[in-house]
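Protein chains in written order, with the UniProt record's numbering: chain F, 1 to 416; chain E, 1 to 416. For glycine and all other residues, C-beta sits at the position ideal for the given N, C-alpha and C. What follows is a set of notes on a single structure, which appears directly below.
Number of protein chains: 2
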Amino acid sequence: MSTKRTVTPGGKGKKRAKNDTPANLNRDLNKLRGLAASTLVEMDAEKINVSDLALLNLGRAAKEMTDDEVKDEIETIMVQAAKGILTGNGLEYGVALRAASNQLYIPELDRLVLKDAVSSRPFSNVSSVKKVAISTRVLSLIHEVVSKNIHITKRDLFYTDVKLFTKQSESDAIIEDVATMIGCTRNSLNVVASEKGVVVGRMSFRDDGDLIDCTKMGVGGKVIPGLIDRVSDIKGDAEFVLLVEKDAVFMRLSEDRFYNDYPCIIITAKGQPDIATRLFLKRIRTILKIPILGLMDSDPHGLKILSVYMHGSKNMSYDSEHLTTADIKWLGVRPSDLERYNIPVECRLDMTESDLKTGRELLNEDFVKKNPKWVEELELMNKTKQKAEIQALSSFGFQYLSKTYLPQKLRAGDWI
Amino acid sequence: MSTKRTVTPGGKGKKRAKNDTPANLNRDLNKLRGLAASTLVEMDAEKINVSDLALLNLGRAAKEMTDDEVKDEIETIMVQAAKGILTGNGLEYGVALRAASNQLYIPELDRLVLKDAVSSRPFSNVSSVKKVAISTRVLSLIHEVVSKNIHITKRDLFYTDVKLFTKQSESDAIIEDVATMIGCTRNSLNVVASEKGVVVGRMSFRDDGDLIDCTKMGVGGKVIPGLIDRVSDIKGDAEFVLLVEKDAVFMRLSEDRFYNDYPCIIITAKGQPDIATRLFLKRIRTILKIPILGLMDSDPHGLKILSVYMHGSKNMSYDSEHLTTADIKWLGVRPSDLERYNIPVECRLDMTESDLKTGRELLNEDFVKKNPKWVEELELMNKTKQKAEIQALSSFGFQYLSKTYLPQKLRAGDWI
C-alpha cells in the first residue's frame, strides 16, 4: 500500500511514517471522516446536563472528585453524623436507592441514570444497624486511602476488617453506597478493580507520569491502568478507535500493526469490559473526539458487551456519565455479514436456547429499539438462529480480517 | 530512605536514581546477594543435558526453532509421509505418547520430561484415521503460519476448518502432537495463547523491535507479549524477581514503585501462569541470572501455582525445558508467617475439604519431598487447617506489604 517505510529496530519493517496518507488511504477513510464530523455535532448536542432534566426527579449525578475533595466530603458527612448524635436523633446516613425502581433510561442522554429516591439508614434499627456500622468503617478506610493518595482493591478493603464485614459481598455493596453518599464516582474512592484492558495504536498518554507511546508497545500492547486517575495527557493522530471484543483478535491486529495502515487506536477489555477500560474509552472519545467502531462476535453476548460500553450496567447507573460512551457504531461481525461475506456454514454455530432468549430480550431494550438497523440485524439473528465468532473470518485465511474485511468495511462506511 | 530523588514528570517524585544504593539498602540486600551467588552455582550444576541421561529412555527434548526450521521439519515429515504412500505402506505418522505413563520426574533436572514411547498412527486404522486427517491439516496450516511469520491462536486454527475439526478440543490436542512430531516447543509453532502476564520494574526488553523500559510503564505495567519470540534484548540492573500470584498485589507494589526502593522486577500472571509468562520468566532468569522469589497466598492453591512455574504442568511435559524455572524460592506468605506476623484470626480462613486433600497430595509430590522446609510448612498448614491470602496483611495497613513485610523478609533472607 505504501511506498515509504520506516524500519523499526528488530521489527519487520511494517511501519509507515505517521503523516504518510496515500491517495487510497484518503479514499478508504472518506466515509469515516464524515462520521467523525457528525460525531462532533452529536457530542455538542449531547451536552444536555442531568441537572437540566430537573423535572424528572433525578438524583445528583456522580462527580469525578480529587482525593482532597473526597476527603472533605467524608469529613462533612461525619460532622453531620456527629451532629445527629449530639442532637439526640442518633446516627443515620442517607443513601441513594440503587434498585431498578430508582433507575431511568434517558433517551436524550442515551443511558441509565439514578432517580432521586434516598433511603435513610438509622443505626437504631435492627435491619440497618450492620450496614451503618460497615458504612462508618468503610468511610474511615476510604478517608485513609485518599489521605495517602494510594489505591486499593475491594479485596484489600475487605481484609482490613474481616470480623466486621464477614463476607466480601457486604463490604463491596457498601462501597457503591458510600460513592452515592459522597456524590462521587466509584473511581474517585480510589477503590479499583484488577486490570483487564489493553491498548495499542496511534496515541500516547502518561501513566503515573511515565510517557507511554502506544505505537511503540510491540505486539503485546500496554495495560490500561486500573488507576485511571493516574492517566493524563492523552494525545494522538488516530482517526478512529477500533473496540475489539476479544484478546485473540486484538493480537491479530496488533501483530499486523493494523494501526500503521489505518490510523487508529485498538482497545480490548478481553470480554466483559471492566471499569478502567470503560473510563479510558470515554476519556479518549472526549479528548480526541474520534468515532468508535465496535468489532464483536455476531451473537447476543457480543451485542450485550457493546451495550455495556454504550449504556452502562444497571449496577453502576449512578456513575453512568463517566462510564458510558453512547455513540459507538456497530461495525461487525453483524448477522447480515454472514451472508454478505459468505461465511461458510460450518463456521456458524446454532444459537442456544439461552442465546435466543437474550436475543428476544435485547429487542425490548430501549437502546436497540431506537436504532432500526440494529433491530433489523437482531431480527435476522433471531430468525436464522445462527451466530458466528469474529474468528469465523479465519476460514478465508488468517489475515483476512486485517487485510480484507476491515478495509472493505471502512471504505464502504459499513457501520450502523 | 533515600536522600537523592529524581522526580518523574507528573509523578509523585518517588523515584530513586538507579545506582543509588545507600548503606541500608546494601544491608537489606546482603542475604539476597548471597542467594544470587549460589543461584549461579546451581545454574552451572544444572547444565546436565537431557541427552546425557540416555540410560533413562528419554524422548527427544523439544527445541526452540525458528520459523524456517519449523517449515523445513514439516516439509521433511511430509516427504516421509509421501514416501510411505508411494512404497505402499500407506500414510502414517509417529507421535510421542504424552500420557502420564510416558512422563518422568528427573530429580537432577527437577522437572517432568517425556520418555521415548512413540505410537504410530496409520491412516488405514479406523481408530486413528480422523487424527491423521486432522494432523495433516494442522501441519499444512502451521506451514502457512510460519511461512508468513505470523502468529495465530488455537481458536483461529480451529475456525479454519470447523467441518474437519468439529470441536476445538480435537484441533487443540493435535497441536501438541504436531509439536512433538516436529520436535519443537509449542511456542515455535506460532500458536499462542491469550496474554495474561504483566511486568514492571528494573528491566528493559524489545517487544517486536519496540524498546520497552519497564521502569517507565506507569502503575499499569507492560503486558508480557503472547508472542514471546518477538521478545529480545532483555537487560536490567534488577537484583531479583518478585513473582506475585495476584494482580491486586502487583498493583499495590507497582503503585508504591517498590522496585525503586529494592531493585527488582515484579511479575504476575494473574493466577495460574500462562505459557508466555512462564517463558518470559525463564528467559529473565537465564539472561539476568538473578534469584526469583515467590509471593503467593498461604494455601495449597498458591503452592500449586508456584509449582507450575517451577516444575511444569503434566500436559506440557514435552516442553518442560523452556517453560520451567526450577529454583524459585518461596518467600511468603507461608503458613508459619501467620503466627510470626500475628495475622489476626479473623483474616485467616478455614481450609475446605478440597484444600485439605490438595494439601495432602502436595506432600507426596517429589518436588515437595526433596525440600524439608517445604514439607514442614505444608504439614503446619495441614495441621492448623488454616489458610490466608496475601491481602490478609492489609489488616496492618494498606502499605504494610511494601513498607514492612517485604523489607523484613528480604533483610532476614527469609525464603525457603
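Are the region 345-364 of chain F and the region 172-185 of chain E touching, with three or more C-beta to C-beta distances below 8 Å?
no
Taking F:LEU306 as the reference, give the member of F:LEU288, F:GLY271, F:ILE343 with the closest Cα.
F:GLY271
Would the region 226-244 of chain F count as touching the region 374-387 of chain F if we require 3 or more Cβ pairs under 8 Å?
Contact between the region 226-244 of chain F and the region 374-387 of chain F is absent, with fewer than three C-beta pairs closer than 8 Å.
Chain-ordered chain E contacts of F:GLY221 [CB-CB under 7 Å]
VAL223
Nearest neighbour of E:VAL138, chosen from E:TYR159, E:ILE175, E:SER128 [CA to CA]
Minimum Cα distance to E:VAL138 is reached at E:ILE175.
Please classify E:ALA62: does DSSP put it in a helix, a strand, or coil?
coil
Run the proximity test for E:ALA179: is its beta-carbon closer than 7 Å to any non-hydrogen atom belonging to the ligand MG?
The ligand content of the structure shown is nil, which means the ligand MG is not present either.
Using only the alpha-carbon positions, how far apart do E:LEU243 and E:TYR309 sit?
Taking the straight line joining both Cα atoms gives about 10 Å.
Whole-angstrom Cβ separation of F:ILE292 and F:THR325, contact assumed at under 8 Å?
6 Å
Inspect the CB distances between the region 154-174 of chain E and the region 115-126 of chain E and report whether three or more fall short of 8 Å.
no
Name the two residues that bound the continuous beta strand (DSSP E) containing E:GLY94.
92-96
Hey, could you find the ends of the beta strand (DSSP E) F:LEU243 is sitting in?
First-last of the beta strand (DSSP E) with F:LEU243: 240-244.
Under 8 Å, with one C-beta from each stretch per pair, do the region 239-254 of chain F and the region 292-301 of chain F reach the 3-pair mark?
yes
Where F:ARG285 sits in the DSSP three-state scheme
F:ARG285 sits in a helix when the DSSP states are folded into three classes.
Once DSSP output is grouped into helix, strand and coil, what is the label at E:LYS131?
In the structure shown, E:LYS131 sits in a helix (DSSP, three-state: H, G or I).
Closer than 8 Å by beta-carbon distance: list the chain F residues that pair up with E:MET251, in chain order.
HIS151, THR153, VAL192, SER194, GLU195, GLY226, LEU227
Please classify F:ASP210 as buried or exposed, where buried requires at least 16 other C-beta atoms within 10 Å of its C-beta.
buried
Note down, in chain order, every chain F residue with its Cβ under 7 Å from the Cβ of E:VAL244.
The premise fails here: E:VAL244 is roughly 12 Å from chain F at the closest Cβ pair, so nothing lies under 7 Å.
Quick one, are the C-beta atoms of F:ILE265 and F:VAL199 less than 8 Å apart?
yes
Taking only beta-carbon atoms, is F:LYS131 less than 8 Å away from chain E?
No, its Cβ sits nowhere closer than 8 Å to a Cβ of chain E.
Given F:ILE134 as reference, the closest of F:LEU164, F:SER147, F:ALA392 once Cα atoms are compared
The shortest C-alpha separation from F:ILE134 is found at F:LEU164.
Can you tell me whether E:VAL50 is buried or exposed? The criterion is at least 16 other CB atoms within 10 Å of its CB, across all chains shown.
Summary for E:VAL50: the model assigns pLDDT 49, below 50, so the residue's position carries little reliability; its value from the coordinates is reported in the next sentence. A residue is called buried once 16 or more other Cβ atoms fall within 10 Å of its Cβ, and E:VAL50 is buried on that count.
What does E:ALA392 reach in chain F if we use C-beta pairs closer than 7 Å?
TYR159
Indicate the three-state DSSP secondary structure (helix, strand or coil) for F:TYR262 in the structure shown.
coil
Helix or strand or just coil, what does DSSP make of E:ASP233?
strand
So for E:TYR105, helix, strand or coil by DSSP?
strand
Please identify the residue among F:ILE150, F:LYS329, F:MET65, F:ASN187 whose C-alpha is closest to the C-alpha of E:TYR400.
Of the residues F:ILE150, F:LYS329, F:MET65, F:ASN187, the one whose Cα lies closest to the Cα of E:TYR400 is F:ILE150.
Output the distance between the C-alpha atoms of E:ASP105 and E:ARG98, rounded to the nearest integer angstrom.
Reading the sequence as shown, one finds Tyr at residue 105 of chain E and not Asp. Their backbone Cα atoms lie some 14 Å apart in a straight line.
Run through chain F and tell me which residues come within less than 7 Å of E:CYS347, C-beta to C-beta.
TYR159, VAL162
For F:SER124 and F:GLY90, I'd like the C-alpha separation in whole angstroms.
7 Å
Express the C-alpha separation of F:ASP116 and F:ILE287 in angstroms, rounding to a whole number.
If you draw a straight line from the Cα of F:ILE287 to the Cα of F:ASP116, it is about 30 Å long.
Kindly say whether F:GLU255, judged by its beta-carbon, lies nearer than 8 Å to any beta-carbon of chain E.
yes
Do you know whose CA, among E:SER188, E:SER336, E:THR404, lies nearest E:LEU253's CA?
E:THR404
By the three-class DSSP mapping on this structure, what secondary structure does F:VAL146 have?
helix
Counting only runs of 4+ residues fully inside the region 329-395 of chain E, write out the alpha helix (DSSP H) ranges in chain order.
Taking only runs of at least 4 residues, the alpha helix (DSSP H) segments lying wholly in the region 329-395 of chain E are 335-340, 353-363, 366-369, 372-384.
Alpha carbon of E:VAL95 to alpha carbon of F:GLU389, nearest angstrom
In this model, E:VAL95 and F:GLU389 are separated by some 32 Å (Cα to Cα).
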